[in-house]
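Residue numbers (full-length UniProt numbering): 1 to 83. For each residue, glycine too, the CB sits at the ideal point set by N, CA and C.
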């Protein structure tokens, strides 16, 4: 019964249910291999760099297309003003 009263007091202090201890410790794994984590981070970073390069190439192509359209529109407007 004391545990129930303590749990209710904790709920009042924290404004809601207190997370279970197993849930709180689930993010920390002391047996995790630091080298595997570093390798995973390196692969993720390499993937991000590759994706960034693809995005930059796509942005360059879009800029070229925009310049071409603006040039064509300018030429068309010039013809219309001449008439």
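For the pair residue 73 and residue 67, the Cα-to-Cα distance works out to about 10 Å. In this model, residue 45 and residue 71 are separated by some 39 Å (Cα to Cα). For residue 33, the secondary structure class from DSSP, reduced to helix, strand or coil, is coil.
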